[in-house]
Amino acid sequence: MKITQLPNLDESVLKALDFFKNNPPAILRLKKANLPFVVGSGNAYNTGKILFKGQAAIFASESDFQEKLQAYSGLIKSGVIKEALIISASGEKDATWEIAAAKKKGLKTILMTCSPDSSGAKIADQVMAYRKIPEPQTYNISTYLGMIMSQSGEKAVNIKAAIKKLHLPKNYTAYNAYTFVLPDEFAEITPMLEIKRHELFGPHLSLRAFSAGEARHAKFVMPWEKELVISLGENKYFGLPEHRWQIKMPKNYGPGLVMALTYYLIGRIQKAKTPYYQKNIAKYCVEGPKAYGKKEPFDVIVPGN
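The opening residue of the sequence shown carries number 130 in this note's numbering; numbering runs sequentially from there.
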């Protein structure tokens, strides 16, 4: 496949849902730990916050895990904190040193990954492996969507049906800026959308995401007729009234639908704009590993399993 022919995010969302329709993720059954570390980078971190929502846990990223291991060393020594759960689709990159650092502190290490033969999997005490399909580098749809669906119990066929019912505004692709407003109970998904902005558009397009609670805090000081505000459910306050799209959601929907639907809508934006991702991803795959001290390039298409 030529780089310029790489699928956009919306196409990959639908492919992932078709895969999970025939290969539903096993229900996640984690033994409840007293106060585990839940560690991840980027959207792995955000996935961890979804999976452990409502539970007592210490969330950490690649930037602060060492610091938190030190800060909580007393609780580790006393046996209050006994394990670290590392979430990493690849099982590589930061996951390897995070697992090693946790083991050095005497913690049991559990790796949630889509790569059961990875470097991280070889040193973790326990591995929870998930299925994934081939996807462009950075997309990580099937990887984290599968984990989220394993916790929420949502069915891929229902998620896809809800997406297919969408009727995009006629001028959807004409805007220069897009802002998602999500219900507060799905606040953990808003940073996942911000990450997609970085990966797909960089500085070239404005794409913001807030929970309803966050949106109240001066996020719309400068309303703009070139910004479309997309809300899941009713939006009485945010953005110019004639430039709001209020999506009616089905009853009892969950985080899997919120992730898939919003990713799909971002993909529709990507499809209509300059293909920034397709123009730059090959170079990133060569340059990106250097920040990890690696020479081997990343795969442009990350293999499935």
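Built from N, CA and C at the ideal position, the CB exists for glycine as well. Predicted model, so just to flag it, every value in this text is computed and none were measured.
Alpha carbon to alpha carbon, what distance is there between residue j and residue i?
i, j, result
"N163", "K251", "25 Å"
"K380", "G362", "11 Å"
"V142", "G203", "44 Å"
"G282", "A145", "16 Å"
"Y366", "K348", "11 Å"
"I277", "G385", "6 Å"
"S219", "S247", "7 Å"
"A231", "L297", "46 Å"
"E425", "H333", "29 Å"
"I410", "N269", "14 Å"
"I210", "A185", "11 Å"
Taking C-beta to C-beta, are residue i and residue j nearer than 8 Å?
i, j, result
"N434", "I324", "no"
"G331", "Y382", "no"
"Q399", "N137", "yes"
"V167", "F149", "no"
"E264", "V429", "no"
"G249", "E212", "no"
"I179", "E314", "no"
"L236", "S217", "no"
List the endpoints of the continuous beta strand (DSSP E) containing residue i.
i, result
"A250", "First-last for A250: S248 to I252, but that is the alpha helix (DSSP H), not the beta strand (DSSP E)."
"R373", "R373 to I376"
Helix or strand or just coil, what does DSSP make of residue i?
i, result
"G169", "strand"
"Q134", "helix"
"Y421", "helix"
"M257", "strand"
"Y307", "strand"
"E264", "strand"
"F315", "helix"
Along the chain, where does the alpha helix (DSSP H) that runs through residue i open and close?
i, result
"W226", "D223 to K233"
"Q199", "F194 to A200"
"G276", "Here residue 276 turns out to be Met, not Gly, going by the sequence shown. Taken as a continuous stretch (DSSP letters only), the alpha helix (DSSP H) holding M276 covers I270 to S281."
"T319", "T319 to L329"
"M388", "P384 to A401"
"K412", "Y405 to E416"
Could you give the C-beta distance for residue i and residue j, rounded to a whole number, given that I count them as a contact under 8 Å?
i, j, result
"V310", "A344", "5 Å"
"W353", "A306", "6 Å"
"S340", "T308", "S340 to T308, Cβ: 12 Å. No contact."
"G183", "G177", "The Cβ separation is near 13 Å, so there is no contact."
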